[in-house]
Amino acid sequence: MPILHVESLRKAYGSLNAVDGISFAVQPGECFGLLGPNGAGKTTTIRMLYGYTPRDSGRLELFGLDIDRHLREIKRRTGICQQEDSLDPDLSVRDNLIGYARYFSIPRREAQQSADQLLEFFALQGRAKDKIMTLSGGLKRRLMLARALVNQPEFLILDEPTTGLDPQSRQLLWQKLAELKGRGLTILLTTHYMEEAERLCDRLVIVDHGRILVEGQPRALVREHVGHTVLEIADPDAAVRDFLSSKSCRVEDLDRRLLVYLDDGDELFLQLTREVRAEGCTLRPASLEDLFLKLTGRELRE
Amino acid sequence: MKWPDPSQISARALRVWQRNFSIYKQNWKISFVPPLLEPLLYILAFGVGLAVMVGEISYGGEQLSYTRFIAPALVSVAIMYNAFFETTYNSFVRMYYQKTFDALLATPLNIEEVILGEMLWAATKSMIAATLMSVVVSLCGFFEFPGALLVIPLAALGGLLFAGLGMICTALVPGIETFNLPIFLGITPMFLFSGTFFPLQNLPGWAQQLAQLLPLTHLVKLVRGCSLQLWSGDLWLSLLYLLVGVLLLLPLAIALMVRRIVV
Numbered sequence: 001m002p003i004l005h006v007e008s009l010r011k012a013y014g015s016l017n018a019v020d021g022i023s024f025a026v027q028p029g030e031c032f033g034l035l036g037p038n039g040a041g042k043t044t045t046i047r048m049l050y051g052y053t054p055r056d057s058g059r060l061e062l063f064g065l066d067i068d069r070h071l072r073e074i075k076r077r078t079g080i081c082q083q084e085d086s087l088d089p090d091l092s093v094r095d096n097l098i099g100y101a102r103y104f105s106i107p108r109r110e111a112q113q114s115a116d117q118l119l120e121f122f123a124l125q126g127r128a129k130d131k132i133m134t135l136s137g138g139l140k141r142r143l144m145l146a147r148a149l150v151n152q153p154e155f156l157i158l159d160e161p162t163t164g165l166d167p168q169s170r171q172l173l174w175q176k177l178a179e180l181k182g183r184g185l186t187i188l189l190t191t192h193y194m195e196e197a198e199r200l201c202d203r204l205v206i207v208d209h210g211r212i213l214v215e216g217q218p219r220a221l222v223r224e225h226v227g228h229t230v231l232e233i234a235d236p237d238a239a240v241r242d243f244l245s246s247k248s249c250r251v252e253d254l255d256r257r258l259l260v261y262l263d264d265g266d267e268l269f270l271q272l273t274r275e276v277r278a279e280g281c282t283l284r285p286a287s288l289e290d291l292f293l294k295l296t297g298r299e300l301r302e
Numbered sequence: 001m002k003w004p005d006p007s008q009i010s011a012r013a014l015r016v017w018q019r020n021f022s023i024y025k026q027n028w029k030i031s032f033v034p035p036l037l038e039p040l041l042y043i044l045a046f047g048v049g050l051a052v053m054v055g056e057i058s059y060g061g062e063q064l065s066y067t068r069f070i071a072p073a074l075v076s077v078a079i080m081y082n083a084f085f086e087t088t089y090n091s092f093v094r095m096y097y098q099k100t101f102d103a104l105l106a107t108p109l110n111i112e113e114v115i116l117g118e119m120l121w122a123a124t125k126s127m128i129a130a131t132l133m134s135v136v137v138s139l140c141g142f143f144e145f146p147g148a149l150l151v152i153p154l155a156a157l158g159g160l161l162f163a164g165l166g167m168i169c170t171a172l173v174p175g176i177e178t179f180n181l182p183i184f185l186g187i188t189p190m191f192l193f194s195g196t197f198f199p200l201q202n203l204p205g206w207a208q209q210l211a212q213l214l215p216l217t218h219l220v221k222l223v224r225g226c227s228l229q230l231w232s233g234d235l236w237l238s239l240l241y242l243l244v245g246v247l248l249l250l251p252l253a254i255a256l257m258v259r260r261i262v263v
């Protein structure tokens, strides 16, 4: 039985279909990614999962329980880390965790214990007594994540957990999330950082305009839709263009840069660099970012 | 807009109350200063400075010194202010700037309980302030016992009513600056024209009738009647007004807040 089952989920704001018929399932113990550009409908989807935003139609089941009839039970067993910091500025770091445990009716002693464990896990014990105002963005995120775990959830929902963090904080958070996953926690994650998704997600969907474009394992999706390798050519001249047009390969023309998607082998690359031009030509493995841009387009959002 | 479903509300609302109370406790020394000091300032200003010019006031068949006349009104105004400012500015900050409600809604609490808990807390603040002020006023010898003990439940009732009014404003204002409007058009006129600083009989007839619509008029009447032990039958009508007001405004406030937050 999946931890989360989403079927034909829909939500419209006026004439905008924010979520336009999304279906997916998250299996126990897996980390599932919800990827998409800004405004794709990720946060709206997440918010419907814990009853914050009412859905227009579709079915939602968590732990096999229908959300309409068992919302409290579902929320008791779920940890939710929202995109925006909602820490309590009037409380200290430790009291943020203990205070939050109260909403789950966790006994005080138990709450104190789990708060101390979480502070240690997220390397926050040195800041336990500090006010929220004095924390950096990275520390706040770690505390948000710690807070989402205070009720010992079976399912963790993370809405863009590392947006706006420096590389160090991001690495630490990834490491902690990997550890949690290793302990068997089921995770649903939204992100628009491809590296994050590649590192953490067992399976993912890419959504845009409220619809799912693809679903699968990140590596397999890249191989299927992009290929194995990408040849990048900076400042292509006529000779390069002529050479490529004589070959049967998929080329994306970005004017000052050409991207050539290759299935396997490096003959084309070798031939190009030997016979036409070596300068500015790079061969690299195809990435999730290539897939993402291919599916959602390169034009700027928002 | 949908009228709130009572089955959506449980004792979990008290968790929200508890959150606000624990933060209040951190700063109780500062929070206690205004209710303790304010009546003394007013009594000094009005009792010493103004009372000599006003003389005695005839109220409920008795002659009252001016200071004695306004002392219950000061407590009533504090009940109004404490609840109204809590569910306007403070609740708005928690909802909009601190995202406290968002955090709460990711727990087993639901929106109806969050809003109810906020209003219960606001009424509690009114009770704390009214109690502290009553102690000061009693020590100055202006209140009669045991009647003045009824000020505490009246503060709870009046606090709930003004908490409901405040929360309705919070549900409707586009931004925090807009609170100036209900304060200027509602709270300030009530402060002045609810039989607080002069008897309503001094107003022209139409204004007297208008004043009967104001909730503070009835709260002042009740607090004055009880704390000075000037009993009369029409206190029951004022009590009825407040009770009906609370029963209408609290569900309305919850319904409007649900409409604002749940989209």
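Sequence order for the protein chains is A and B.
The numbering of the first sequence is the working numbering, which starts it at 1 and goes up by one.
The numbering of the second sequence is the working numbering, which starts it at 1 and goes up by one.
Glycine included, C-beta positions come from ideal geometry on N, C-alpha and C.
Keep in mind that this is a model prediction, so the values were computed, not measured.
According to DSSP, is residue i part of a helix, a strand, or is it coil?
i                 : result
Glu7 of chain A   : strand
Leu64 of chain B  : strand
Leu62 of chain A  : strand
Thr196 of chain B : coil
Asp95 of chain A  : helix
Phe215 of chain A : Strictly speaking, residue 215 of chain A in this sequence is Glu, with Phe absent from that position. It is a strand residue.
Thr43 of chain A  : helix
Val52 of chain B  : helix
Phe269 of chain A : helix
Tyr81 of chain B  : helix
Leu149 of chain A : coil
Tyr50 of chain A  : coil
Asn90 of chain B  : helix
Arg257 of chain A : strand
Cys169 of chain B : helix
Ile132 of chain A : helix
Arg203 of chain A : strand
Ile261 of chain B : helix
Arg284 of chain A : strand
What residues of chain B sit near residue i, judged by a beta carbon separation below 7 Å?
i                : result
Arg76 of chain A : Pro108
Pro89 of chain A : Gln98
Ile67 of chain A : Correct list: empty, because the minimum Cβ distance to chain B is about 13 Å.
Given that residue i touches chain A, what residues does it touch there, using C-beta distances under 7 Å?
i                 : result
Arg15 of chain B  : Arg102, Tyr103
Arg19 of chain B  : Gly99
Leu105 of chain B : Tyr52
Ile79 of chain B  : Within 7 Å Cβ-Cβ: nothing; Ile79 of chain B doesn't reach chain A, min ~24 Å.
According to the neighbour-count rule (16 or more other Cβ atoms, all chains shown, within 10 Å of its Cβ), is residue i buried or exposed?
i                 : result
Asp235 of chain A : exposed
Trp17 of chain B  : buried
Met257 of chain B : buried
Tyr100 of chain A : buried
Ala148 of chain B : buried
Pro303 of chain A : The requested residue 303 of chain A does not occur in the structure, where chain A is confined to residues 1 to 302.
Ala129 of chain B : buried
Tyr50 of chain A  : buried
Asp88 of chain A  : buried
Ile46 of chain A  : buried
Gln271 of chain A : exposed
Cutting at 8 Å between CB atoms, please list the residues of its own chain near residue i, excluding the five before and the five after it.
i                 : result
Ala197 of chain A : Gly33, Leu35, Leu189, Thr191, Leu204, Pro218, Leu288
Ser86 of chain A  : Met144
Gln112 of chain A : Ile98
Ala40 of chain A  : Val207, Asp208, His209, Gly210, Thr296
Glu38 of chain B  : Leu74, Ala78, Met133
Thr273 of chain A : Cys281
Gly245 of chain B : Leu161, Gly164, Pro215
Which chain A residues sit within Cβ distance under 8 Å of residue i?
i                 : result
Val263 of chain B : Tyr13, Thr53
Ala171 of chain B : Per Cβ cutoff of 8 Å: no residues; Ala171 of chain B is ~17 Å from chain A at best.
Ala255 of chain B : By Cβ distance, chain A contributes nothing, its closest Cβ being about 15 Å from Ala255 of chain B, past 8 Å.
Asp102 of chain B : Tyr52, Gln82, Glu84, Ser86
Only counting the same chain, and skipping five residues up and downstream in sequence, which positions put a Cβ closer than 7 Å to that of residue i?
i                 : result
Lys247 of chain A : Leu268
Leu165 of chain B : Phe84, Leu249
Gly64 of chain A  : Met1
In chain order, what residues of the same chain lie with their CB nearer than 6 Å to the CB of residue i, ignoring the 5 residues before and after it?
i                 : result
Val54 of chain B  : Tyr66
Gly195 of chain B : Thr217, Val220
Report, in whole angstroms, the separation of the C-beta atoms of residue i and residue j, which I expect to be a contact under 8 Å.
i                 : j                 : result
Thr43 of chain A  : Ile157 of chain A : Between Ile157 of chain A and Thr43 of chain A the Cβ distance is about 11 Å, and since that is not below 8 Å, they are no contact.
Thr124 of chain B : Tyr103 of chain A : About 19 Å separates the two Cβ atoms, so there is no contact after all.
Leu185 of chain A : Ala146 of chain A : With a Cβ gap of about 14 Å, Leu185 of chain A and Ala146 of chain A do not count as contacting.
Val214 of chain A : Leu295 of chain A : 6 Å
Glu30 of chain A  : Asp202 of chain A : 4 Å
At 9 Å on the CB atoms, spell out the chain B contacts of residue i, in chain order.
i                : result
Ser57 of chain A : The contacting residues do not exist; Ser57 of chain A stays about 16 Å from chain B at best.
Cβ closer than 8 Å: which chain B residues qualify as neighbours of residue i?
i                : result
Arg72 of chain A : Pro108, Asn110
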